[in-house]
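Note sheet for the following structure.
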Amino acid sequence: MDVVLPCLDEAGALPWVLERIPPGWRALVVDNGSTDGSARIAHALGATVVREERRGFGAACH
Numbered sequence: 002m003d004v005v006l007p008c009l010d011e012a013g014a015l016p017w018v019l020e021r022i023p024p025g026w027r028a029l030v031v032d033n034g035s036t037d038g039s040a041r042i043a044h045a046l047g048a049t050v051v052r053e054e055r056r057g058f059g060a061a062c063h
């Protein structure tokens, strides 16, 4: 099961969210141009990170 997490500058929230993903599920963080290190943090916590240069929720979810 994949969990898609659109993300824009969520460095503070990502650890809390990612720690609650059930074992066997895959966290897929779609970074929407964060400047706070969100992508680095998500990767360090085991999430698959996809960078999406087009801004907005719709682009991140596609």
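Note that my numbering has the sequence shown beginning at 2, numbered continuously upward.
Heads up, the beta-carbon is just placed ideally off N, CA and C, and yes, glycines get one too.
So residue i and residue j are in contact, right, with Cβ under 8 Å, and what is the actual spacing, rounded?
i, j, result
"Leu-72", "Leu-46", "Given a span of 2 to 63 for the chain in the structure shown, any question on residue 72 remains unanswerable."
"Ala-48", "Leu-19", "6 Å"
"Met-2", "Trp-26", "5 Å"
Quick check on residue i: does DSSP put it in helix, strand or coil?
i, result
"Arg-41", "helix"
"Pro-7", "strand"
"Leu-29", "strand"
Quick check on residue i: buried or exposed, where buried means 16 or more other Cβ atoms within 10 Å of its Cβ?
i, result
"Glu-11", "buried"
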